[in-house]
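See below for the structure under consideration.
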Amino acid sequence: MNTSKEGGSMRTLSSESVANYFIQRSFDEGVPLTPMKLLKLVYIAHGWHLGYFDKPLINDAVQAWQYGPVIPDLYRKIKRFGRMTIDAPVEGYGVVGDGNLINTPPDEQTIALLDSVWNSYSKFDGIQLSSMTHQRGTPWDLAWHENHGSQYQGAIISNDLIKSHYQSKIQQNQPR
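In the numbering used here, the protein residues as written are 60 to 235.
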């Protein structure tokens, strides 16, 4: 991932807006997108946004569930697809005038970040993305185990924890 911290207004978006951006990309490119994959892509984009820009991408809480980080409000809107490919935008957020499936047009930096996330991660399926977010030391791992795992599904994964993780990933990839 390579993105610049320069310029831009960067406002916080709804998770549905970000989801619909990825749904549009999946339609445009014919890449299957399941609910699990979509949830992970939105979470990963949120993480990279926090890491690069020190600001949240989405205005929704992220929780630690058994199969990884979940954005509950978004999950409830896409769970009807089950394990099937998503074939429609997230309900309540339709096509805006320019034909994009996003209700709040992001700034150019946010579009660049979302495109970078799509280009880097869309080749993975939901299970693979879930495995990435389950690794030891990830924000999900820390929140899940701090709250005794399955005894308490729904522990909040703080933006500070997510930001720290992604800033660490950015630092690891800096030229020395």
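Note that the Cβ used here is the ideal one computed from N, Cα and C, for glycine as well.
Keep in mind it's a predicted model, so treat the numbers as computed, not measured.
DSSP-derived helix/strand/coil call for residue i
i: Q230; result: helix
i: G127; result: strand
i: L92; result: coil
i: Q212; result: coil
i: I145; result: coil
i: L116; result: coil
i: Q122; result: strand
Own chain residues within Cβ distance below 7 Å of residue i, not counting five before or after
i: L92; result: F81, I82, S85, T144, I145
i: R142; result: T93
Interface flag, residue i vs chain C, CB-CB below 8 Å
i: G89; result: The chain labelled as chain C is not found in the depicted structure, where only one protein chain is given.
Short Cβ contact (8 Å threshold) for residue i with residue j
i: P198; j: I221; result: yes
i: L98; j: L133; result: yes
i: V149; j: K138; result: no
i: Q173; j: Y180; result: Strictly speaking, residue 173 in this sequence is Leu, with Gln absent from that position. Their beta carbons are not under 8 Å apart, which means L173 does not touch Y180 by this criterion.
i: H204; j: G106; result: no
i: P128; j: Y111; result: no
i: V77; j: I117; result: yes
i: S74; j: I130; result: yes
i: D200; j: H193; result: yes
i: Q212; j: Q125; result: yes
Residues near residue i by beta carbon distance below 6 Å, same chain, minus five either side
i: A202; result: A123, A214, I216
i: W177; result: R84
i: D113; result: none
Neighbour-count burial assignment, residue i, 16 or more Cβ in a 10 Å radius
i: D219; result: exposed
i: I186; result: exposed
i: H108; result: buried
i: K96; result: buried
i: N79; result: buried
i: A147; result: exposed
i: D119; result: buried
i: Q168; result: buried
The ligand NAD heavy atom lying under 7 Å from the CB of residue i
i: D174; result: Absence of the ligand NAD from the depicted structure is noted, as is the absence of any ligand whatsoever, leaving it without description.
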